[in-house]
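Chains as they are written, first to last, in the numbering used here: chain H, 935 to 1424; chain C, 935 to 1424. Each remark here refers to the structure printed beneath this line.
There are 2 protein chains.
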Amino acid sequence: MAKQKKAPRPKAITPKGFRDYFGTEVLERTAMLREIAEVYHQYGFDALESSAVETVEALGKFLPDVDRPNEGVFAWQDEDDQWMALRYDLTAPLARVYAQHRNDLPLPYRRYAMGPVWRNEKPGPGRYRQFYQCDADTVGAASVAADAEICAMLSDTLERVGIPRGDYLIRVNNRKVLNGVLECMGLNDEGQRDAVLRTIDKFDKVGEAGVRELLGKGRLDASGAYIDGVGLSDDQAEPVLAFLTSGRLEAADTLANLRNAIGESQIGATGVDELEQIAALLNAQGYGPDRIMIDPSVVRGLGYYTGPVFEAELTFEIFDEKGRKRQFGSVAGGGRYDDLVKRFTGQEVPATGVSIGVDRLLAALREKGRIGGSLQGPVVVTVMDKDRMADYQAMVAELRNAGIRAEVYLGNPKNFGNQLKYADKRESPVAVIEGGDEKDRGVVQIKDLILGAKLAETASLEEWKDRPSQYEVARGDLVAKVREILDLHA
Amino acid sequence: MAKQKKAPRPKAITPKGFRDYFGTEVLERTAMLREIAEVYHQYGFDALESSAVETVEALGKFLPDVDRPNEGVFAWQDEDDQWMALRYDLTAPLARVYAQHRNDLPLPYRRYAMGPVWRNEKPGPGRYRQFYQCDADTVGAASVAADAEICAMLSDTLERVGIPRGDYLIRVNNRKVLNGVLECMGLNDEGQRDAVLRTIDKFDKVGEAGVRELLGKGRLDASGAYIDGVGLSDDQAEPVLAFLTSGRLEAADTLANLRNAIGESQIGATGVDELEQIAALLNAQGYGPDRIMIDPSVVRGLGYYTGPVFEAELTFEIFDEKGRKRQFGSVAGGGRYDDLVKRFTGQEVPATGVSIGVDRLLAALREKGRIGGSLQGPVVVTVMDKDRMADYQAMVAELRNAGIRAEVYLGNPKNFGNQLKYADKRESPVAVIEGGDEKDRGVVQIKDLILGAKLAETASLEEWKDRPSQYEVARGDLVAKVREILDLHA
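The structure is reproduced here in structure tokens:
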């Protein structure tokens, strides 16, 4: 008989498209989520944490005839052959929660939610299959005052997490205005309307001229492929382009342009009125066009939402991976979707909300150098005599009780160089040393590792001697001396 | 042709064994996780957030010949037919992370992690398929100083989250001592040793007499079924029972009993020495047996861990669902497991750690009335005239800028009674009213809803008149008056 083969060792890797977050990355995200939650809470929004797992039926993400519905979501069958899936956003679960608990929830229901969502999509550079969202929604409020409130809150939130006024802009559009434009064009064919909507969605990428081509005969894209057009004549395409480019600095001018573009359309007029009300409400509260502006060139999500649409962009420039300057772009988006709960109950329930891409926002703050670098590590108490571990643990306890992050070296203490290398890897500001001789004399050695590193880089031998980075102090002065050094580098 | 049937509406329910968390439940958990993280951080532990999804290979949870490995975990196949699964704890991902990133991580590596884990198990009352864990582990430290540190940190953490000294006890045992007992019994048959381990695991449930029966001939359980015993003679079983019942108030007495129980066993002596060192280290830091004690009756996880084992119990009594008094029981557990990373690298890496059951801890604090009840809701500004929404939004902005949680009513304002009902559902302490008349006179009405509710319950008509719960103040005094009422009820 063949000798039984040993099972090969498992590979220590994350699944494709997933990653781990370490130390300051986790702390920075936690701090940002907390700040966002505080703003949302202050606005009267209540926390909701729904389960990460939903029935596929409730998510409504696939056609019922697909055998393995793993398109876009991660899904599996439970023991009763029911399909379950990881949530792909926080809005679909909100719809389920609201439909399930609507008799117990206040009306309107303002809720916020934050947490990871999962997408079964092709990963790419900076595109992961698990990422954080941070949403606020108001369910059951038909008034555009709810939309205006979401915009104002988004503005407050961005400033709260460290994006100063002037470095961001929230742009507001309205799907109803676009519907009015299409109506006034006499474009009643559903297929053609959808084609126009899909084309408009490319405005960000291909610009005005590109959209003009795509609405007409078609266009050669960057890869050389020919993209068929919608087949509108130039005259027919004009109102759509007028809509997209109607934005002016003054809301009144933008609104006047829009009223022209929609002609006699009733739905279009409602849309422009809504934008006018939103602008008026925000202006009355001091949110001028330097923070929130009416801008019909916002197209993202226009196909999905049913009324006002908002998008927050960071306006400062960063350098991309090839060293070229570019704007950072969108970090949050949202809008009104009035058919949220209808799938479950048959009842139309108006809702509006926003989703902040927390990971993108963190990336922006990091690229601007406003967060990141590395936080200071803990004070490391070294171990000179492993039988006196209790003494060293007493030291770290004293330091912690004084509010100083501190740890004792827990590796093999034999090689003292390894202990200092460890302190270096931990980015420790201070190391504490107490050998037998120090113990006998009632003193400890305290090394200023930050100064030490600086001296090692730049100092001459003379300077080295003159500016010692190690101090001997009485054991009783341990905490005071460590604090003095920490304050020096704070 | 048959008329196409409309798809039935999806059911708005969570999958079986999952639930949603609302408002204060979320806030209380967030606050607890933050406090725990602060203690862990202060001890020098670094945050780690690994992905929720792992390869099944890395989790190592199933036999390779099982076709659908959905036993215990939620798993599915990705587009390359690789099995992926949701993590079932935070220790298996730590093993993968450490093996993957070991060249970049400090040695020893202290890390903490907090987040949901998922179990594909039968749900029951209070048993969900998604719940939070909050772990701290030290990887790469062989010294029992690392175990003592984990115990001390656990003690600090419990007190930090609101469990006062005396209401909890951390009990410490050691697998090596049990191994020593088995060795000294001459129990070298692997099958029999495993049977003894499994029996010991029932000590919590069946007690000393029950274990004695199960080690011997067997036992009739509560349901009337006969459970076969291990088949040891009374004499053979005695050392195991001596081990389990060797705990005394003084560590020295316990240790002496244990030395008797292990006879000449080398591994047993190592185990007792380790317990002695842990007790000495903790005593030197002031963690006496009122907080942490050596207790060989701790058996949970003794089959899993390789050295010291710890368990934190809440010692206060609560009433169970049938109104009977019982101890709350375990809220955290952990121990040393020296083969964590070996699966991946072939190298043995010592590790020790603890996992706090955050949801259980929250339940304990709730049952003791230390958290919970409901937090105060926001101040509600009512809408008397929907064309003056901007005025009302200005009021909530003023209140928020003064640090007061406030919101404007966003439902249909027509029926004022509905607005007050809404404020009631939101548990608002204060409602603000400004009709046309108030606007003209430059005043606002401020209703103290908490006092109002009290009066409605208990007051006579006389008292009602004498103690109005509604005040008219100048518009400029809005914030001051609201704050006065909030302070009154704080």
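All C-beta atoms in this analysis are idealised placements derived from N, C-alpha and C, irrespective of residue type, glycine included.
Close beta carbons around residue i, own chain, < 7 Å, minus the five adjacent residues each side
i, result
"PHE1137 of chain C", "VAL1145, LEU1178, SER1231 and VAL1233"
"GLU1282 of chain C", "ASP1272, ASP1273 and LYS1276"
"ALA1476 of chain H", "Residue 1476 of chain H is absent from the model: chain H starts at 935 and stops at 1424."
"ALA986 of chain C", "LEU1020 and ARG1021"
"GLN1219 of chain C", "ALA1086"
"ALA936 of chain C", "Confidence at ALA936 of chain C is low in this model, with a pLDDT of 49, below 50, so the placement of that residue should be treated as unreliable; the coordinate-derived value is given next. Around ALA936 of chain C: no qualifying Cβ."
"VAL1407 of chain C", "VAL1377, VAL1378, ILE1380 and LYS1415"
"ALA1129 of chain C", "VAL1164"
"ALA1171 of chain H", "ARG1146, LEU1149 and GLY1150"
Opposing strand residues paired with residue i [DSSP bridges]
i, result
"PHE1065 of chain C", "C:VAL1051"
"LEU1103 of chain H", "H:GLU1247"
"LEU982 of chain H", "C:PHE956"
"PHE1493 of chain H", "With chain H covering only 935 through 1424, there is no way to say anything about residue 1493 of chain H."
"GLN1404 of chain H", "H:LYS1381"
"PHE1253 of chain H", "H:LYS1259"
"TYR1046 of chain C", "C:ALA981 and C:ALA1070"
"MET1087 of chain C", "Answer is none; MET1087 of chain C lacks a bridge partner."
"ALA1019 of chain H", "H:GLU988 and H:ALA1009"
"GLY1058 of chain C", "C:ARG1061"
Nearest-angstrom beta carbon gap, residue j and residue i [assumed within contact, 8 Å]
i, j, result
"LEU1216 of chain H", "CYS1085 of chain H", "6 Å"
"PRO949 of chain H", "MET1018 of chain C", "5 Å"
"GLY1141 of chain H", "ARG1153 of chain H", "The pair is not a contact, with the Cβ atoms about 11 Å apart (cut-off 8 Å)."
"THR1286 of chain H", "THR1091 of chain H", "So it is not a contact: roughly 16 Å between Cβ atoms."
"ILE1134 of chain H", "LEU1236 of chain H", "6 Å"
"ASP1168 of chain C", "GLY1197 of chain C", "No, ASP1168 of chain C and GLY1197 of chain C are not in contact; Cβ-Cβ is about 18 Å, not under 8 Å."
"TYR1102 of chain C", "LEU1248 of chain C", "5 Å"
Chain-ordered chain C contacts of residue i [CB-CB under 7 Å]
i, result
"TYR955 of chain H", "GLU983"
"PRO1009 of chain H", "Position check: residue 1009 of chain H holds Ala in this sequence, whereas Pro was assumed. Neighbours of ALA1009 of chain H on chain C, chain order: TRP1010."
"SER1077 of chain H", "LEU1344"
"LEU961 of chain H", "ALA981"
"PHE1278 of chain H", "ARG943, PRO944 and ALA946"
"GLN976 of chain H", "ARG1334 and ARG1339"
"ALA1331 of chain H", "GLN1219"
"PRO1312 of chain H", "GLY978"
"LEU1215 of chain H", "MET1323, ALA1324 and GLN1327"
"GLN1487 of chain H", "This structure does not reach residue 1487 of chain H, given that chain H is present from 935 up to 1424, and the question cannot be answered."
Close Cβ partners of residue i (< 6 Å) along its chain, the five nearest in sequence each way excluded
i, result
"ASP1001 of chain C", "Per-residue confidence for ASP1001 of chain C stands at a pLDDT of 47, beneath the threshold of 50, marking its modelled position as unreliable; the derived number appears in the next sentence. Same-chain partners within the cutoff: there are none."
"SER984 of chain H", "PRO1027 and VAL1031"
"LYS1139 of chain H", "none"
"ARG1334 of chain H", "ALA1340"
"TYR974 of chain C", "TYR1046 and ALA1070"
Chain-ordered neighbours of residue i on chain C, where CB pairs are closer than 9 Å
i, result
"LEU1041 of chain H", "GLY1345, ASN1352, TYR1356 and LYS1359"
"VAL1292 of chain H", "Ordered by position in chain C, no residue passes the 9 Å Cβ test against VAL1292 of chain H, which lies about 13 Å from the chain."
"THR1072 of chain H", "LEU1344"
"GLY994 of chain H", "PRO944"
Proximal chain H residues relative to residue i, where beta-carbon distance stays under 9 Å
i, result
"THR989 of chain C", "PRO944, LYS945, ILE947, THR948 and PRO949"
"VAL1115 of chain C", "Those within 9 Å of VAL1115 of chain C in chain H number zero; the least Cβ separation is about 28 Å."
Interface partners of residue i on chain C, CB under 8 Å
i, result
"MET1018 of chain H", "PRO949 and PHE1008"
"PRO875 of chain H", "Examination of residue 875 of chain H is not possible in this model, given that chain H is present from 935 through 1424 alone."
"PRO1050 of chain H", "ALA986"
Close beta carbons around residue i, own chain, < 8 Å, minus the five adjacent residues each side
i, result
"GLY1386 of chain H", "SER1403 and GLN1404"
"TYR1221 of chain C", "CYS1085, ALA1086 and SER1089"
"LYS1259 of chain H", "GLU1251, ILE1252 and PHE1253"
"GLY1370 of chain H", "MET1318 and ASP1319"
"GLU887 of chain H", "No statement about residue 887 of chain H is possible, as the shown extent of chain H runs from 935 to 1424 and does not include it."
"LEU1189 of chain H", "VAL1206, LEU1209, GLU1210, ALA1213 and ILE1228"
Interface residues of chain B facing residue i [CB-CB closer than 9 Å]
i, result
"ALA1408 of chain H", "Note that chain B does not occur in the displayed structure, where the protein chains are H and C."
Neighbour list for residue i in chain H, Cβ cutoff strictly below 7 Å
i, result
"PHE952 of chain C", "SER985 and VAL987"
"GLN1034 of chain C", "ALA946 and ILE947"
Enumerate, from N- to C-terminal direction, the unbroken beta strand (DSSP E) stretches of 3 or more residues contained entirely within the stretch 1345-1384 of chain C.
-> 1364-1367 and 1377-1382
Which residue spans inside the stretch 1261-1298 of chain H form an unbroken alpha helix (DSSP H) run of at least 4?
-> 1276-1279
Could I get the ranges of all uninterrupted beta strand (DSSP E) runs contained in the stretch 1106-1155 of chain H, with 3 residues as the minimum, in chain order?
-> 1152-1154
List in chain order: all unbroken alpha helix (DSSP H) runs of 4+ residues lying wholly within the stretch 1182-1250 of chain C.
-> 1185-1196 and 1200-1218
Would you list, in sequence order, the uninterrupted beta strand (DSSP E) runs of no fewer than 3 residues that lie entirely inside the stretch 1301-1345 of chain H?
-> 1313-1315 and 1340-1342
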